[in-house]
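**Student:** The following block contains the structure, expressed as structure tokens.
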Amino acid sequence: MARRAVRALAEATRDLPVELLAFKGVHLAWCVADDPAYRSMADADVLVVSGSFARVVDRLERLPEFEVTIRDWSTHCIRYLPANKTIDLHRVALLPAWGGLRRSALRRRALPAPALGPGVLVPERVDAAVLALANFVKNGFGLIEPSQAPTDLALLADKGVTAAALSERLREHKLRRVGLVGMTALARRDRRWEPFVAALVRKDGETARAAWFVRAIERAAAVDPYAGLIVVRAIGDAPLSTVGSVAWGAARGVRDWARRRLR
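Each residue of the sequence shown is one higher than the last, beginning at 38 in the working numbering.
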């Protein structure tokens, strides 16, 4: 199980001056669910929420039970060999230069999760909803990468995350427009999300603009995942951050294209 891999990572780094935050679906059983096995996890996502990302990676590279399989500036893929499970180890919670979510904000409200290992934290439930919704958009509503976000968001809503609370938190993290696009996509599938859409709209035309982005992401992702990600990165509350995010994504796309050509 992915939870076993998270516990092993926590044990391996417990003497380092770092804090780990398990986010997305793996933590929710200890956040709000009555049943700690409410859904199985194929892998796990862990953010180094304080301390040195490089020190964590260096420690894991020295241990025979871990293998670093993919390296990127923002995320390394760590294979826990005894369980044959992957942990995505994050330097930042979301795409670089996308929105304004800070590690310090997540850490300030985070909750301890002893069941996941010594010192492991999980997000407070509204922050958990922000992360689930933002990653739903990043994953192209399941078209770029599979997504369990609709299941997780429904659980969080059933356990008390309101439209008003989520809207306010998305604004705090400069992810309101990202949230509006995500909720617009969800509302097309299930009308329960319509009040969440309404809570995020601030001016005329935003509903139509969000619907345009949903269609654009779907069409681009159907052609190529990188094209879908470029459209995703164009959504943002702060123009300068949005430009930076698009540029970052374009540069990464060119890099990966060149690598494929050289193989």
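Where a beta carbon is used, it is the ideal one built from N, C-alpha and C, also for glycine.
Here's the rule I'm using: 16 or more other beta-carbon atoms within 10 Å means buried, otherwise exposed. How should P312 be labelled?
**Tutor:** With the chain covering 38 to 300 only, the question about residue 312 has no answer from this structure.
**Student:** Using a Cβ distance threshold of 8 Å, determine whether the segment 133-153 contacts the segment 197-212, with at least three qualifying pairs required.
**Tutor:** Yes, they touch.
**Student:** If we require 4 or more residues per run, which alpha helix (DSSP H) segments fall completely within the segment 180-204?
**Tutor:** Complete alpha helix (DSSP H) runs here, min 4: 186-195.
**Student:** I'd like to know whether the C-beta atoms of V85 and L57 end up nearer to each other than 8 Å.
**Tutor:** For V85 and L57, yes; Cβs fall inside 8 Å.
**Student:** Does the distance from the C-beta atom of G177 to that of I254 stay below 8 Å?
**Tutor:** Yes.
**Student:** Go through its chain and collect everything with a Cβ distance to S204's Cβ below 6 Å, but skip five positions before and after it.
**Tutor:** A236 and L237.
**Student:** Pull up the DSSP beta-bridge partners for V85, would you.
**Tutor:** In DSSP, V85 forms a bridge with L57.
**Student:** Is the segment 111-130 touching the segment 42-54 in the sense that three or more CB pairs, one from each, lie closer than 8 Å?
**Tutor:** Segments in contact, yes.
**Student:** Should V163 and A59 be called a contact, given that it needs their Cβ atoms to be closer than 8 Å?
**Tutor:** No.
**Student:** With H, G and I counted as helix, E and B as strand and the rest as coil, what does DSSP make of A49?
**Tutor:** Here A49 sits in helix by DSSP.
**Student:** Compare the Cα-Cα distances from A264 to each of D109, K175 and L46 and report the closest residue.
**Tutor:** The shortest Cα separation from A264 among D109, K175 and L46 belongs to K175.
**Student:** Give me the Cβ distance between V234 and M220, rounded to the nearest whole Å; I'm assuming they're in contact under 8 Å.
**Tutor:** That belief holds up - the Cβ atoms of V234 and M220 are roughly 5 Å apart, short of 8 Å.
**Student:** Along the chain, where does the alpha helix (DSSP H) containing I272 start, and where does it finish?
**Tutor:** Element bounds for I272: n/a, residue is neither H nor E.
**Student:** Only counting the same chain, and skipping five residues up and downstream in sequence, which positions put a Cβ closer than 6 Å to that of R140?
**Tutor:** Excluding sequence neighbours, R140 sits near V86.
**Student:** What residue does the alpha helix (DSSP H) around D261 start on, and which one ends it?
**Tutor:** Segment: none, D261 is in no alpha helix (DSSP H) and carries neither H nor E.
**Student:** Anyone know if the C-beta pair for L193 and A150 falls short of 8 Å?
**Tutor:** Taking 8 Å as the Cβ cut-off, L193 and A150 do not qualify as a contacting pair.
**Student:** Which residue wins for smallest C-alpha separation from V129, given the options R226, R145, D109 and A257?
**Tutor:** The residue with the shortest Cα to Cα distance from V129 is D109.
**Student:** Which one or two residues does DSSP pair with V157 in a beta bridge?
**Tutor:** Bridge partners of V157: L57.
**Student:** Does the ligand SAM have a heavy atom nearer than 7 Å to the CB of P54?
**Tutor:** In the structure shown, the ligand SAM is absent, as is every other ligand, since no ligand is present at all.
**Student:** Once you ignore the five residues that flank T112 on each side, which residues in its own chain have a CB closer than 6 Å to its CB?
**Tutor:** Counting only Cβ-Cβ distances below 6 Å, and skipping sequence neighbours, we find D125 and H127.
**Student:** For L46 and R226, I'd like the C-alpha separation in whole angstroms.
**Tutor:** If you take the alpha carbons of L46 and R226, they lie about 37 Å apart.
**Student:** Measuring CA to CA, which of L143, A171, T50 and L153 is closest to P160?
**Tutor:** Out of L143, A171, T50 and L153, L143 has the C-alpha closest to the C-alpha of P160.
**Student:** What are the boundary residues of the alpha helix (DSSP H) that D4 is part of?
**Tutor:** What the structure shows of the chain is the stretch from 38 to 300, and residue 4 is not part of that stretch, so it cannot be assessed.
**Student:** Which residue's Cα is closest to the Cα of D189: L153, A222, V167 and C114?
**Tutor:** Per the Cα distances, V167.
**Student:** Quick one: what's got a C-beta closer than 6 Å to A171's C-beta in the same chain, skipping five residues either side?
**Tutor:** Excluding residues within five positions, the ones whose Cβ falls inside 6 Å are L131, L212 and V215.
**Student:** Quick one: is G242 buried, meaning 16 or more other Cβ sit within 10 Å of its Cβ, or exposed?
**Tutor:** Burial call: exposed.
**Student:** Using CA coordinates, which residue listed in P101, F250, A224 and F173 is at the minimum distance from I272?
**Tutor:** Considering only alpha carbons, the answer is F250.
**Student:** Are F103 and R116 close, meaning C-beta to C-beta below 8 Å?
**Tutor:** In contact: F103 and R116 (Cβ atoms closer than 8 Å).
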